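Please read the structure below before turning to the comments.
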Amino acid sequence: MLEGIGMTEDDETAYLRLIDGATQPRRELADALGWSPGKADRVLDRLVAHGLARPDGDRPSQYTAIAPSVAVAALSERTINEARHAEQLVPTLMERYWAGKQDRAPVDFLEIFSGTPKVVQQRAYQLQAAAKKTVRALDRPPYPGNIHEINPMEPQLIRQGVSYRVVYDQTVLDTPERWPDLEVSLQSGEDCRVLAGLPTRLTLLDDWAATMPILTPAGEYSATLVIYESPLLELLSRTFEFYWQRAMPLRRASIGKGYAGVPADGHADAEEAGAEHDPRLVTLLAAGLTDAAIARTLGISRSTMQRRIRGLMQSLGVRTRFQAGLLVGRMEGSGKK
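Counting from 1032, one number per residue, gives the positions in the sequence shown under the working numbering.
Structure follows, in structure tokens:
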């Protein structure tokens, strides 16, 4: 119950025992819990050191619990502050880590870590925390253990000056579980693009490491591969840039109504005037999404979506969706409205 603030099972047992009684003699506590006097001494000393108990002023062999509203709250705050301090040391510790690997063997640039999906994801977040300049990523399903939780590292690192460039496979926009993460990323300042047919997930951390998933034949996660400075890392860096140059920019407006949960049942058809110029439609069309994916993302019926595309094609003076997407892509690249 209280292990999250650094208390052992014995600490918690003794503290709860003290809470139940106004004052507890040291020997009586040991007898009640079946402990030796030495063990009771050690546990009570820890409770005093943590600010959870105090000896009775007149009877030093007797102990009283300090109220949880004061003791537990103070210990929780202390634990949080210590964790934040440790997190701030990550860049310095990483420098020492790399300095110690200067003479590593040729195969030491590869590392494989495995575990539960949650453990694997937390390890990935730890690596991201060491990035100082840029994080680049190719993002596509599947995700470990089908986890779609928001990346807690990205907004924090962006505030610290780390840039994020991400290419999403178009299937990501057709996955509602990913929309909250996309919304947070775009709000935070992520520079993202979308492209169909990405071959894998890939995350590049500055120019010192990359991570890639290792999948089973059934497409499930089995482990994650970490690639450190090496010719292979340079190849992966160029691979990212190859897909980045071919992807289309994704704007926040592209997925706005999808987050709001507007049903794709035609109720959004009332305001059609100028709807073919909706920047969300423009970007999704340029990204090459299917009709079903565009309609679902915009929260409109498929017939409404097709009517808007026809209106857009007419306004652009083109006859095919491909021509419209190509022209829109050129307009996005040149900054034209």
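C-beta: ideal position from N, C-alpha, C; glycine also. Because the structure is a prediction, the values reported are computed rather than measured.
- The Cβ atoms of ASP1205 and ALA1323 lie closer than 9 angstroms to each other.
- For GLU1221, the number of other beta carbons within 10 angstroms of its own is at least 16, and it is reported as buried.
- Beta-bridge partners assigned by DSSP to GLN1159: none are found.
- Spanning the alpha carbons of GLU1208 and ARG1154 requires a straight line of approximately 22 angstroms.
- Secondary-structure assignment with DSSP links LEU1256 through a beta bridge to ILE1143, MET1243.
- Here the alpha carbon of THR1328 sits roughly 30 angstroms from the alpha carbon of THR1247.
- By the criterion of at least three beta-carbon pairs nearer than 8 angstroms, the stretch 1228–1240 is in contact with the stretch 1158–1169.
- Look at the stretch 1072–1105 and you find these whole runs of beta strand (DSSP E), each 3 residues long or longer: 1084–1086, 1093–1096.
- Around the beta carbon of GLY1330, a 10 Å sphere encloses 16 or more other beta carbons of the protein chains shown; the residue is thus reported as buried.
- Looking at the backbone, the Cα of MET1184 and that of TYR1156 are separated by about 6 angstroms.
- Distances from the CA of PRO1230 to each of ILE1258, GLN1201, GLY1069, ALA1104 were compared; the closest alpha carbon is that of GLN1201.
- The alpha carbon of PRO1262 has as its nearest neighbour, out of LEU1083, PHE1140, LEU1169, MET1336, the alpha carbon of PHE1140.
- Boundaries cannot be given for LEU1229, as no beta strand (DSSP E) includes it and DSSP labels it neither H nor E.
- Around the beta carbon of VAL1151, 16 or more other beta carbons lie within 10 angstroms, which makes this residue buried.
- In this structure, GLY1069 is the residue among ILE1050, GLY1069, LEU1047 with its C-alpha nearest to the C-alpha of ARG1057.
- Taking 8 angstroms as the upper bound for CB-CB distance, ALA1096 and ALA1084 are in contact here, some 5 angstroms apart.
- At the C-beta level, LEU1226 and ARG1167 stay beyond 9 angstroms of one another.
- Taken atom to atom, the span from the alpha-carbon of THR1270 to that of ASN1112 is near 40 angstroms.
- Non-local beta-carbon contacts of ARG1077 in its own chain, meaning distances under 7 angstroms to residues more than five positions away in sequence, involve ASP1042 in chain order.
- Counted as a single uninterrupted DSSP element, the beta strand (DSSP E) harbouring LEU1169 occupies residues 1165–1170.
- Here LEU1169 is near VAL1197, since their CB atoms are less than 9 angstroms apart.
- Within the model, the alpha-carbon separation for GLU1272 versus LEU1233 is close to 12 angstroms.
- Beta-carbon to beta-carbon, ALA1241 and SER1145 are separated by about 17 angstroms, too far to satisfy the 8 angstroms threshold.
- Taking the Cβ atoms as the reference, LEU1075 lies roughly 7 angstroms from ALA1045, within the contact range of under 8 angstroms.
- By the neighbour-count criterion, in which a residue is buried when 16 or more other Cβ atoms sit within 10 angstroms of its Cβ, THR1147 is exposed.
- In the three-state scheme derived from DSSP, where H, G and I count as helix and E and B as strand, PRO1262 is classed as helix.
- For ASP1237, the three-state secondary structure derived from DSSP is coil.
- By the neighbour-count criterion, in which 16 or more other beta carbons inside 10 Å mark a residue as buried, ILE1258 falls on the buried side.
- For ARG1154, DSSP records no beta bridge to any residue.
- Residue nearest to GLY1037 within the set GLU1108, ARG1333, THR1321, GLN1218 is GLU1108 (criterion: CA-CA distance).
- In the three-state DSSP reduction, TYR1046 falls in the helix class (H, G or I).
- In this chain, ASP1212 is not harboured by any beta strand (DSSP E); it is covered by the alpha helix (DSSP H) spanning 1210–1219.
- For ASP1322, the enclosing alpha helix (DSSP H) begins and ends at 1322–1329.
- Excluding its 5 nearest sequence neighbours in each direction, ALA1102 has C-beta neighbours in its own chain below 6 angstroms: GLY1082, LEU1083, listed in chain order.
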